[in-house]
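Here the protein sequences come in this chain order: V and P.
In short: position in the first sequence from 1, add 207, done, that's my numbering.
In short: position in the second sequence from 1, add 207, done, that's my numbering.
2 protein chains.
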Amino acid sequence: MALKYSRQRESIKKYLATTKEHPTADMVYNNIRKQYPNISLGTVYRNLNLLVDQGDIIKFTTGDGSDRFDSKTNKHYHFVCNKCSNVSDLFMEHDFIDLINKSAEENFNGEIQGHDILFYGLCKDCQES
Amino acid sequence: MALKYSRQRESIKKYLATTKEHPTADMVYNNIRKQYPNISLGTVYRNLNLLVDQGDIIKFTTGDGSDRFDSKTNKHYHFVCNKCSNVSDLFMEHDFIDLINKSAEENFNGEIQGHDILFYGLCKDCQES
DNA sequence: GTCCTTGCAAATAGTTTGCAAGCCG
DNA sequence: CGGCTTGCAAACTATTTGCAAGGAC
């Protein structure tokens with residue numbers, strides 16, 4: 208529980224806080240390597256999982272095989288473009304999020320505690336081209 | 208495109224049509240092996256992907272590392288129990304499904320074509336124990 | 001006979017882990 | 001110093017693929 212400071216972890220945290228892509232572990236690795244060429248992929252994975260455990264970041268998947276990481280920890284959804292595969296954030300009213308849970312509970316024999324949604328379609332850029 | 212008959216594929220199809228668990232490839236493999244002890248995991252994967260391509264079954268993930276397969280191809284959601292990890296189906300009104308897409312589109316700069324939802328909570332059995 | 005399908009094994013992708021050395025407090 | 005953290009490499013899990021033999025039509 209008592210995490211010690213490490214510049215590698217700080218660097219990962221800072222990168223996630225500033226990027227808008229929702230990077231995979233490998234993307235994080237390649238980015239941090241610019242500053243710390245000796246960092247290892249294992250260290251990246253270890254720190255990403257530590258940050259997830261602490262609730263500093265979240266981990267999710269788009270079903271493409273690798274996990275993705277996001278420093279925005281407030282409740283929101285994700286969108287994947289069917290054409291360029293880029294991942295974006297999609298925020299919705301908390302009231303509507305609750306409504307989805309409530310509606311699900313009406314159709315389900317058990318207790319709904321939450322949900323994740325992955326939207327797909329065409330992002331603005333691909334729509335225009 | 209022209210698929211030839213194979214008893215292995217038929218067996219996989221039949222098993223998926225009758226099971227209510229949402230099996231991983233490995234679970235399918237272990238089940239089919241009772242009837243065809245020599246079937247290989249590669250054959251199971253190949254056939255599952257063929258069936259997905261044909262639209263006979265769907266593939267989805269709960270984020271636990273392995274893909275799951277479902278012979279119910281009509282639009283519906285999935286639920287994972289936080290305690291026993293079992294996966295169940297969760298059907299909702301098509302009107303509400305459309306409403307979710309519409310609401311998302313209001314909050315997003317791009318075209319929403321669809322979505323998947325993974326609900327989580329406690330299933331009936333775990334609620335009672 | 002043609003060519004799709006299979007079993008087997010090797011290869012690949014993503015992630016985790018054991019270990020000795022390094023760094024924080 | 002003690003113990004968390006790192007780099008490296010090996011191990012693991014899930015899935016895919018090359019190939020020669022087998023089966024469908």
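C-beta: ideal position from N, C-alpha, C; glycine also.
Run through DSSP, which three-state label would residue i get?
i, result
"F267 (chain P)", "strand"
"F286 (chain V)", "strand"
"G321 (chain P)", "strand"
"Y236 (chain P)", "helix"
"Y243 (chain P)", "coil"
"T345 (chain P)", "The structure shown does not extend to residue 345 (chain P), since chain P spans only 208 to 336, so no value can be given for it."
"L223 (chain P)", "helix"
"F315 (chain V)", "coil"
Rounded to whole angstroms, what is the Cα-Cα separation between residue i and residue j?
i, j, result
"C330 (chain P)", "I307 (chain V)", "17 Å"
"D323 (chain P)", "P244 (chain P)", "36 Å"
"R253 (chain V)", "N293 (chain V)", "25 Å"
"T280 (chain P)", "F267 (chain P)", "11 Å"
"E318 (chain V)", "Q320 (chain P)", "29 Å"
"E228 (chain V)", "A209 (chain V)", "30 Å"
"L223 (chain V)", "G249 (chain V)", "17 Å"
"S273 (chain P)", "A232 (chain P)", "8 Å"
"Y327 (chain P)", "N256 (chain V)", "21 Å"
"Q215 (chain V)", "G262 (chain V)", "18 Å"
"S278 (chain V)", "D332 (chain V)", "24 Å"
"K290 (chain P)", "N316 (chain V)", "15 Å"
"Q334 (chain P)", "S295 (chain V)", "35 Å"
"H285 (chain P)", "Q242 (chain V)", "42 Å"
"S310 (chain V)", "K282 (chain P)", "16 Å"
"S218 (chain P)", "R275 (chain P)", "17 Å"
"N314 (chain V)", "E300 (chain P)", "9 Å"
"N237 (chain P)", "K211 (chain V)", "45 Å"
"K220 (chain P)", "R240 (chain V)", "47 Å"
"V235 (chain V)", "L297 (chain V)", "22 Å"
"I264 (chain P)", "S336 (chain V)", "33 Å"
"D271 (chain V)", "S213 (chain V)", "31 Å"
"F303 (chain V)", "T226 (chain P)", "34 Å"
"D305 (chain P)", "I246 (chain P)", "42 Å"
"C288 (chain V)", "L325 (chain V)", "11 Å"
"E312 (chain P)", "L258 (chain V)", "31 Å"
Find the residues of chain V that neighbour residue i, judging by a C-beta separation of less than 9 Å, and give them in chain order.
i, result
"M234 (chain P)", "Ordered by position in chain V, no residue passes the 9 Å Cβ test against M234 (chain P), which lies about 19 Å from the chain."
"S310 (chain P)", "M299, E300 and F303"
Cβ closer than 7 Å: which chain V residues qualify as neighbours of residue i?
i, result
"L325 (chain P)", "H322 and D323"
"N314 (chain P)", "L297, F298 and M299"
"N289 (chain P)", "Q320"
"K331 (chain P)", "N316 and G317"
Could you tell me the boundaries of the alpha helix (DSSP H) in which residue i lies?
i, result
"L258 (chain P)", "L248 to Q261"
"C333 (chain V)", "K331 to E335"
Going along chain P, which residues have a C-beta under 8 Å from residue i?
i, result
"F276 (chain V)", "Result: empty, since nearest Cβ-Cβ is about 13 Å, beyond 8 Å."
"Q334 (chain V)", "G317 and E318"
Could you spell out where the beta strand (DSSP E) holding residue i opens and where it closes?
i, result
"L297 (chain V)", "V294 to L297"
Can you pull the chain V neighbours of residue i, defined as C-beta to C-beta under 8 Å?
i, result
"I307 (chain P)", "I307 and I324"
Contact set between the region 237–270 of chain V and chain P, restricted to residues whose Cβ is under 9 Å from the partner: K266, F267, T268 and G270
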